[in-house]
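Input: a single structure, listed below in structure tokens.
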Amino acid sequence: MSSRGWAAAVTVAATIAATLALAVVFAAERHYERAFAFRIAGTTAAYVAAVTPPPQPPPPPPPAPRVVRGRRRPSIRPAPPPPPPQLAPLSPAARSYDLPSLLTQARALQTLPGWSSDVEVYFGTAPLVDATAPPLSPDDLSYLAAAGLWRAGRALVPLKDRDGQEVVGAVAVRPHPMPHGPLPGGIGFAFPAAILAIGAAAATAFRERSLRPGARGGYVGAALFLALATYLDVRAAARQSTDRWLVDTRRLLQEAATRLPPPRVRVAISDLAAIVRDGEVVAGEPADSPPRRVRVDGERRAVVAVLIGSGRWVELRSVPAELEAPRWLILLLPSALLGPLAILLLRWAERTPARLRRETAIAWGFLGPAGLHLTVFTIGPALYAIYLATAANLPALARDPVTWNALRNTALYALYVPVSVALALVAALAVFRYRQHWGGRLLSTAFVLPYVASAVVIALVWQAIYRWGSFGLGRTDWLSNTGSALPALMLISVWAHMGGQMVVFLAGLQAIPPAYLDAARVDGAGAWRGFWRVTLPLLRPVTWFVVLTGVLGALQMFTLVFVLTQGGPSPSHATGVMVHRIYQTAFGQQAFALASALAVVFAVMLLILRWPQLAILRRQVRNA
Amino acid sequence: MGSVTLRRLSKIFDGGIQALHDLDLDVRDGELLVLLGPSGSGKTTILRCIAGLEEPTGGDVLIGDRVVTRDPPRARDVAMVFQTPTLYPHLSVRENIAFPLEMRGTADAQVTRRVVEAATRLGIPSVLDRMPDTLSEGERQRAALARAIVRGPQAFLFDEPLSRLDAKLRIELRAELLALHRALGATMIYVTHDQTEAMTMGGGAGQRIAVLHEGRVRQVGTPEEIYQRPADVHVARFVGTPGMNVLQGRGRGTGEEGPVIEAGSLVIPVELSTYEGELQVGIRPEFVGLCAVDKGVGNVDVLVVEPLGSETLVHLNTGGQALVARLPGFADVRVGTRVGVKVDRRRLYLFDAAGVPLA
Ligand SMILES: Nc1ncnc2c1ncn2[C@@H]1O[C@H](COP(=O)(O)OP(=O)(O)OP(=O)(O)O)[C@@H](O)[C@H]1O
Ligand SMILES: [Mg+2]
């Protein structure tokens, strides 16, 4: 490649990488803007539902909304009569809204000071705020019953009737574009960083024929800086979406405090909380108006203080969206590092002869599918689990006795492995001794059968045995007895795993040259000492392998517990092993962060356990 | 020390292969008997039967006048060095050599002393604490020999212990083994398929070579005996480098030129007329000479010429049978030509059709 062409290619690669990173930022910003729009639309719908009275067959005295603003004390009046208790389920019409009031409320929203979005409320399909706007289609309404809808820059959410059952209309929110870059003028860091990265690549590429290590390092630095800058922008957008919702919702709450029917002296916090379903409203202290980040019970929260009446403050809390902003790094880092990667590739291609280049390409072609599979089904989920785990409360996990119990049960359960390995060795010796004989073959088939059978089938067969057989030890079901449940599972495992382990031992025995045993016999060793001094030491690598895979398998046992005991007998968790605990946490309690944390911690433990064993195994294999 | 006697020993393996046929062998106390035979002739099987690793199908094994046929190996008190390497890979050289002593419950102090003694005798005291896989092939074989001699057994069985070594090392270790035999004065059975080695090992005073062929002992004797007076065609063919030429032929007692033997394209005049009908005629390659066409006892085609420096081997085709001539120095023979053959009549060996020598 000519030096100019090379430099151009480098620049193009850097530009593509930077553009990709910017595109991710753009996508993230849109994502958060939409998230905000949907959220505030939902809150608005709840607000509308709360403040609009039902249609009143006898024309009621219009509820004169008295706007209470500022710190003026409300005049003391006798308490109004409580609303009549609703006795029977109301007809759909009665659960709907009083159209004139709805119209008033909707229009009022448009004029809400300080609101950062346009809002439209549809009653049925008809727009209320801007009556000339096109109506919704009935299809839209039925679609909205299931999910929100993004249309023409607006988030559409359903407006349900007062019981929250039927969709009677919709609320649409179009967020005003808002600068959210932290730099002056609202630009983000990402754009300048992208220019910088491209510039760094182009400058070094055009100045020299190829990038010297130092210069290349400079570009890698610029790329990393780009990754950081884009991440900061994404994080800022996430933070802004939460802040915006807090500020706008504060306006709604203040408004609601004055409009909630029927007129009352002090609006109850619980009434306000009903409007904010995806946040919390609690009694609060006076504070500055900008949103803040605080810790509540060890969890990060975004809060604003809301003044809802004279001297009455509440605090509006929400989970800050930026907490999960790091997941964008999964896209940002690779796109930013694509540039350096492409340059390395170019450089490699430039230096490598065509034949080798082709061979490498073919090799990757073969590796590709496996690599993709590995990435999608192993590495990807593992990374995602690690990411999910970051949100978990680790100290609480460590304090949980159930966790420790699961760990203890797992370790206890794994104790079946030495037993099954010993039995497998004995079986292998017997089968090997009589390998020519039909009895030996029958024996080996009998042992191998459970090994090839499905674990679930084995579990069910043994369930039947334990239930109805109980080996003549009285008719107690071992599996439902706290003391015997785990040993009962261990017994099944010994039976089920012995065959496989025997096969490995058999292969190991066959691999031992018979000359060693012959030599031992001539040297004066009988069968017993020949076994201990020669056969067993020569089998050591095989034994290690069997024990290692056995223990690792045992520590990850799931099927038997899942099919037979579900971790029970119930209150004692007598068979609650680690993997089942993880499964329970994830799919039973829906606590994915916790489950991921458990899984990650457990994986690390297995890894640590595995290390010395692998080292031993490697040494053994070398020596033998 | 003890003698080893095999009486009508036979062995039929599971597959129906008969490796030994009613074999008799007498190894005297303190003798070094070399068991020579081609591959598959049953040498290893004999040793395994003596050691007790293989149970004979028939016959008896006696060690020092005691019938041990049904005894387990450890009750027989023999030591064996195997054809394949058998140093226990998980034990150090020291532990390997100590193993037989340990198995017999020898006291620790004595074990230490005798291990060092045996290792010193074989010149490997420096590798005692190494693992077998770190040794050279020669050291490994010495260690295996040390393991065999560390205990004073009734008899030593060596199954081609040197076949895996290179030529130089083999010669060296052969000499050491002979010295060892002299020093220990022990009964030894030394198996080899290499007749040079057999000649060297069995060449000492009072030593014999037993030639084995297809599970039968064909001849037991000194190197000279088995070379000069082979007991049958198999011995004749096997002993010597290359072995004796044996041609299928027939004798004609009466003819115009007197009694002759016709073999392939050769017509060899003989002195006696008692050979009539099918027979086999043997002649060592060194007594086969080449001459001009029609000047000898017959004409042959030259197939291959192997110049070896001090001598030249010429492979000939005589009426479909192979004949090898061993000529001194570089011989001027061309492949593909036709030449005449001379034979030394006094050096002929005559066997009947079954391979038994004719007086
Ligand atoms: N375990 C066995 N099962 C069946 N046949 C066997 C077995 N061991 C040896 N044989 C057969 O017995 C015959 C003699 O074998 P043996 O090992 O004694 O030969 P050998 O003289 O030691 O040959 P080599 O010089 O190649 O070691 C061979 O034909 C061999 O195939
Ligand atoms: Mg052999």
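Taken in sequence, the protein lines are chains A and B. Just so it is clear: in the first sequence, position 392 is 392 by the working numbering, and no numbers are missing. To get the working numbering, take the position in the second sequence, counting from 1, and add 1000. Ideal Cβ placement from N, Cα and C applies to all residues, glycine included.
Close beta carbons around residue i, own chain, < 7 Å, minus the five adjacent residues each side
i, result
"ALA1118 of chain B", "ILE1097, ALA1146, ILE1149 and VAL1150"
"ALA349 of chain A", "ARG357"
"ASP98 of chain A", "THR52, PRO53, PRO54, PRO55 and GLN56"
"GLY508 of chain A", "LEU539 and VAL542"
"ARG1216 of chain B", "HIS1021 and LEU1023"
"GLY1347 of chain B", "Inspection of the sequence shows that residue 1347 of chain B is occupied by Arg rather than by Gly. Answer for ARG1347 of chain B: ILE1283, ARG1284 and PHE1287, listed in chain order."
"SER210 of chain A", "Reliability of the predicted coordinates at SER210 of chain A is poor, the pLDDT of 49 falling under 50, and the value obtained from them is presented with this limitation in mind. Only TRP6 and ARG347 meet the Cβ criterion."
"GLY1042 of chain B", "ALA1019, LEU1020, LEU1212 and GLY1215"
"THR125 of chain A", "PRO135, LEU136, SER137, PRO138 and LEU141"
Chain-ordered chain B contacts of residue i [CB-CB under 9 Å]
i, result
"VAL600 of chain A", "Residues of chain B passing the Cβ test: none, with the nearest at roughly 39 Å."
"PRO537 of chain A", "TYR1088, PRO1089, HIS1090 and LEU1091"
Chain-ordered chain A contacts of residue i [CB-CB under 9 Å]
i, result
"VAL1078 of chain B", "VAL522"
"LEU1053 of chain B", "ASP518, ARG521 and VAL522"
Length of the line joining the Cα atoms of residue i and residue j
i, j, result
"ALA511 of chain A", "TYR416 of chain A", "27 Å"
"ARG521 of chain A", "SER454 of chain A", "43 Å"
"ALA157 of chain A", "GLY221 of chain A", "First, the residue type needs correcting, since residue 157 of chain A is Val and not Ala in the sequence shown. Cα to Cα, VAL157 of chain A sits roughly 45 Å from GLY221 of chain A."
"LEU1157 of chain B", "THR445 of chain A", "41 Å"
"ASP118 of chain A", "GLY588 of chain A", "42 Å"
"VAL167 of chain A", "VAL121 of chain A", "13 Å"
"ALA428 of chain A", "VAL546 of chain A", "13 Å"
"MET1244 of chain B", "ARG1334 of chain B", "23 Å"
"TRP364 of chain A", "ALA370 of chain A", "10 Å"
"GLY1202 of chain B", "LEU1247 of chain B", "29 Å"
"ALA37 of chain A", "THR378 of chain A", "35 Å"
"ASN409 of chain A", "LEU491 of chain A", "15 Å"
"SER480 of chain A", "VAL461 of chain A", "16 Å"
"LEU1173 of chain B", "LEU1184 of chain B", "16 Å"
"ALA200 of chain A", "SER241 of chain A", "33 Å"
"TYR47 of chain A", "GLU285 of chain A", "23 Å"
"THR1337 of chain B", "VAL1302 of chain B", "6 Å"
"THR559 of chain A", "THR390 of chain A", "28 Å"
"LEU22 of chain A", "ILE187 of chain A", "13 Å"
"VAL1314 of chain B", "ASP1026 of chain B", "40 Å"
"VAL494 of chain A", "PHE505 of chain A", "15 Å"
"ALA236 of chain A", "ILE269 of chain A", "31 Å"
"ALA27 of chain A", "THR230 of chain A", "11 Å"
"PRO450 of chain A", "LEU609 of chain A", "28 Å"
Within chain A, partners of residue i - CB distance below 7 Å
i, result
"PHE1013 of chain B", "Neighbours of PHE1013 of chain B on chain A: none; closest Cβ ~12 Å, over 7 Å."
"ALA1231 of chain B", "Per Cβ cutoff of 7 Å: no residues; ALA1231 of chain B is ~32 Å from chain A at best."
"THR1086 of chain B", "ALA515, TYR516 and ALA519"
"PRO1100 of chain B", "ASP523 and GLY524"
"ARG1104 of chain B", "GLY524"
Neighbourhood of residue i by C-beta distance below 8 Å, restricted to the same chain and skipping five residues each side
i, result
"GLU1102 of chain B", "VAL1111"
"VAL1341 of chain B", "LEU1266, VAL1288, GLY1289, LEU1290, CYS1291, GLY1296, VAL1297, GLY1298, ASN1299, VAL1300, LEU1316, THR1318, LEU1323 and ALA1325"
Cβ shell of residue i (< 6 Å), same chain only, five flanking positions each side left out
i, result
"GLN1207 of chain B", "LEU1032"
"VAL1034 of chain B", "TYR1190, ALA1198, MET1201, GLY1202 and ILE1209"
"GLU33 of chain A", "PRO175"
Partner residues on chain A for residue i, Cβ-Cβ distance less than 8 Å
i, result
"HIS1315 of chain B", "Those do not exist, as HIS1315 of chain B stays about 38 Å from chain A at its closest Cβ, beyond 8 Å."
"PHE1082 of chain B", "ALA515, ASP518 and ALA519"
Residues bridged to residue i [DSSP beta-bridge criterion]
i, result
"LEU316 of chain A", "A:VAL281 and A:VAL304"
"GLN160 of chain A", "What sits at residue 160 of chain A in the sequence shown is Lys, not Gln. Per DSSP, A:VAL167."
"THR1312 of chain B", "B:PRO1307 and B:LEU1327"
"LEU149 of chain A", "A:LEU156"
"TYR122 of chain A", "A:PRO127 and A:ALA170"
"MET1188 of chain B", "B:LEU1032 and B:PHE1156"
Under 8 Å by beta carbon: chain B residues contacting residue i
i, result
"GLY526 of chain A", "PRO1072 and ARG1074"
"ARG529 of chain A", "MET1103"
Listed by chain order, chain B residues near residue i by CB distance under 7 Å
i, result
"VAL534 of chain A", "TYR1088"
In chain order, what are the residues with a CB under 7 Å from some non-hydrogen atom of ligand 2?
Per the Cβ criterion, the list is B:LYS1043, B:THR1044, B:GLN1083, B:ASP1159, B:GLU1160 and B:VAL1191.
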